[in-house]
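Colleague:
Residue numbers (my numbering), protein chains in the order written: chain A, 1 to 322; chain B, 1 to 322.
#1: Please list, in chain order, the chain B residues whose beta carbon lies closer than 9 angstroms to that of residue 15 (chain A).
#2: Please list, in chain order, all residues of the same chain as residue 50 (chain B) whose beta carbon is under 7 angstroms from its beta carbon, the five residues on each side excluded.
#3: Answer with buried or exposed for residue 13 (chain B), where buried requires no fewer than 16 other C-beta atoms within 10 angstroms of its C-beta.
#4: If the criterion is Cβ atoms closer than 8 angstroms, does the pair residue 188 (chain B) and residue 245 (chain B) meet it?
#5: Under 8 angstroms, CB to CB, which of the residues in the region 166-191 of chain A have a partner in chain B?
#6: So is the beta-carbon of residue 18 (chain B) under 7 angstroms away from any non-hydrogen atom of the ligand HEM?
#7: I think residue 338 (chain A) touches residue 68 (chain A), with their Cβ atoms under 8 angstroms apart; what is that distance to the nearest whole Å?
#8: Please determine if the region 265-280 of chain A and the region 147-166 of chain B are in contact, where contact requires at least 3 C-beta pairs separated by less than 8 angstroms.
#9: Write down the C-beta distance between residue 71 (chain A) and residue 257 (chain B) rounded to the nearest angstrom, noting that I regard them as a contact closer than 8 angstroms.
#10: Can you tell me the Cα-Cα spacing of residue 259 (chain A) and residue 162 (chain A), whole angstroms?
#11: Does residue 72 (chain B) come out as helix, strand or coil in the three-state DSSP assignment?
#12: Residue ranges of each beta strand (DSSP E) run of no fewer than 3 residues wholly in the region 221-300 of chain B, ordered along the chain?
#13: Under the assumption that residue 118 (chain A) contacts residue 308 (chain A) (Cβ atoms under 8 angstroms), give the Cβ distance between them as a whole number of angstroms.
#14: Would you grab the beta carbon distance between residue 65 (chain A) and residue 109 (chain A) for me? Rounded to a whole angstrom, and I think it's under 8 angstroms.
#15: Which residues does DSSP pair with residue 110 (chain B) in a beta bridge?
#16: To the nearest angstrom, how far is it from the Cα of residue 324 (chain A) to the Cα of residue 224 (chain A)?
#17: Under the rule that 16 or more other beta-carbon atoms within 10 Å means buried, what is residue 206 (chain A), buried or exposed?
#18: Between residue 197 (chain B) and residue 184 (chain B), how many whole angstroms is the CB-CB distance? I'm expecting something under 8 angstroms.
#19: From what residue to what residue does the alpha helix (DSSP H) around residue 47 (chain A) run?
#20: Please state whether the Cβ-Cβ distance between residue 281 (chain B) and residue 241 (chain B) is less than 8 angstroms.
#21: Can you give me the start and stop residues for the alpha helix (DSSP H) that residue 191 (chain B) sits inside?
#22: Going by alpha carbons, who is nearest to residue 113 (chain A) out of A:137, A:279, A:301 and A:199?
#23: So is residue 322 (chain B) in contact with chain A if we call contact Cβ pairs under 8 angstroms?
#24: How about residue 100 (chain B) and residue 44 (chain B): are their beta carbons less than 8 angstroms apart?
#25: Work out the CA separation of residue 115 (chain A) and residue 146 (chain A) for me, nearest whole Å.
#26: Out of curiosity, what's the CA-to-CA distance linking residue 58 (chain A) and residue 19 (chain A)?
#27: Quick check: the Cα distance between residue 239 (chain B) and residue 42 (chain B), rounded to an integer number of angstroms?
#28: Which residues in chain A sit within 8 angstroms of residue 158 (chain B), going by Cβ to Cβ distance?
#29: Anyone know if the C-beta pair for residue 288 (chain B) and residue 250 (chain B) falls short of 8 angstroms?
#30: Please tell me whether residue 293 (chain B) and residue 261 (chain B) are closer than 8 angstroms, where the distance is taken between their beta carbons.
#31: Tell me which residues share the same chain as residue 190 (chain B) and place their Cβ nearer than 6 angstroms to its Cβ, disregarding the 5 neighbours each side in the sequence.
#32: Quick one: which chain B residues come within Cβ less than 8 angstroms of residue 161 (chain A)?
#33: Count the other CB atoms, across all protein chains shown, that sit within 10 Å of the CB of residue 76 (chain B); report buried if there are 16 or more and exposed otherwise.
#34: Going by DSSP in three states, residue 37 (chain B) sits in which element: helix, strand or coil?
#35: I'd like the span of the alpha helix (DSSP H) that includes residue 24 (chain A), first residue to last.
#36: How would you write the range of the alpha helix (DSSP H) that residue 100 (chain A) sits in, first residue to last?
Laid out in structure tokens, this is it:
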């Protein structure tokens, strides 16, 4: 191993960071609780601590630092614009970190949304290896995306690209957190899956989940697990969520003609979304564009957050001229 | 003027070609009938004749040749894959032309679909000047698109990108030429506008078009003109076509976060689609992405075909290293 980058995954609950080689294998790793309640400066100080620890452990030069975070980011300036799970607004992470770590970090620190980190992780080390045109989709509490076009991460005119969670599929459908109705996120996310199942149980549908439901509110994870055990209602709810997702992704397929769509996130685990997504894409997108795309589960495991963040640094080191 | 490219617009009825300077102003121009019935080789010979004429007239070096054509193209190999209005399948235009004009043309001839030529024309010389992220949409007999992302023409994994005419908006809607139902093209194109108006008249709707309709089948142009004169039914049909188009473009806006959407084509002339498109985008796309995009009418006039084709050559000369 001749060099590392550091990948740091910033979440509302914990900070995870690791030294990652150019082969994508995480080496030494540290994890800290985020402790949001202590304020942004304390969180940044804790991030700096992780980075100092990793540097101290490194047996090779650390070329760059990639930070993946939930929410909206300004990747040009290294700012978290708005992250509801961090309760942050306009926090200039790159500048604040460089004040603690040294100004030489400024030009080799990259901050981006976690789905952009994930698409690069999957492209460099995961299921979409080497692809020039790919979309990463996460299905969990929300539905989000990150995309690579012509071999490069794509942000759009105002860093708003790949915001696929709010494609409106059903204008009269269920209310979404964004204020519109029938967004993909209101139809295919974890909360949507839990809500749909709960409504069906309230209407008297048969299900293995009836006892659980009598005891406590259902989670999407309950539904995924019941579907994997063959519960008919849960299978049907997952199928419906996957079909809506596939219909939304069919728009992506005809607009951007990708080689890979990689599906990750908590709700995608178990693979129940894959078949309905593939079916809906082939039903709704053009045949030639459908033939060009492979829909695959995410290839990176539990370390995907730090690996993706490190991939952000490797990708930028490849595309940035100093 | 120190150099030209040649832009050639290949249509089912006519071939138009012109010397175009780097400022986008067409100089000497030639037009020929296509005479498809004589076969592809005769058409290619006629194209070569146009190019020889322009070269003979040129007072400066001709650096490259851009060819814009309807249908699907393989821009890497310079092949028209399928063009229904030319009745061509897999015609290797670049190679056949170089056999007639000289092998030195091979590496400076670019063939692409006309909407890709148009987006570059609008970007270099038209309504989207200097933009890094833009979509050109044509609304005429069909609905098609061409896109520039991060400053470069984008083709996708199999040259199928920007095929926005077949986004399925209404799965139970009117049948589209592609075999699916409720595609954008089946809701917003010229034939869709003529069909919707005809159906309304058959159901007894009031309209200035009743006399025309009694005499002959309505064209979309009749509807556009009546709407511009204030005919209520025609205004309503145009509004509906524009709203569907805007709903489809809202998907584009949230996926690719463009700076400009430029609307051209016969049905867009008169500007009746602009307001409903803008309204639908702001209703359906995310506020930040809506704020980032300007929806404008095409800026190039009747010479847009040859100017766009020449822009294809200028764009490629800028991005190709020899």
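Using N, Cα and C, we set each Cβ at its ideal position, and we do this for glycine too.
Computed from a predicted model, the values in this text were never measured in an experiment.
Modeller: Taking the definition as stated:
#1: Simply none; closest approach about 27 angstroms.
#2: 8, 15, 17, 30 and 32
#3: exposed
#4: yes
#5: 166, 167, 168, 171, 178 and 180
#6: Here there are no bound small molecules, and the ligand HEM is not part of this structure.
#7: Nothing can be reported for residue 338 (chain A), as the shown portion of chain A is limited to 1 through 322.
#8: no
#9: Incorrect: roughly 16 angstroms between the Cβ atoms, too far for contact.
#10: 16 angstroms
#11: strand
#12: 260-264 and 294-297
#13: 4 angstroms
#14: 5 angstroms
#15: B:66
#16: Since the first and last residues shown for chain A are 1 and 322, residue 324 (chain A) lies out of range.
#17: exposed
#18: The pair is not a contact, with the Cβ atoms about 18 angstroms apart (cut-off 8 angstroms).
#19: 40-57
#20: no
#21: 190-202
#22: A:137
#23: With a pLDDT of 45 at residue 322 (chain B), under the threshold of 50, the modelled position of that residue is not reliable, and the figure given next carries that caveat. No, its Cβ sits nowhere closer than 8 angstroms to a Cβ of chain A.
#24: yes
#25: 5 angstroms
#26: 7 angstroms
#27: 44 angstroms
#28: 257, 288, 289, 291 and 292
#29: no
#30: yes
#31: 140, 141, 220 and 267
#32: 255, 256 and 257
#33: exposed
#34: helix
#35: Here residue 24 (chain A) belongs to no alpha helix (DSSP H), and DSSP marks it neither H nor E.
#36: 93-101
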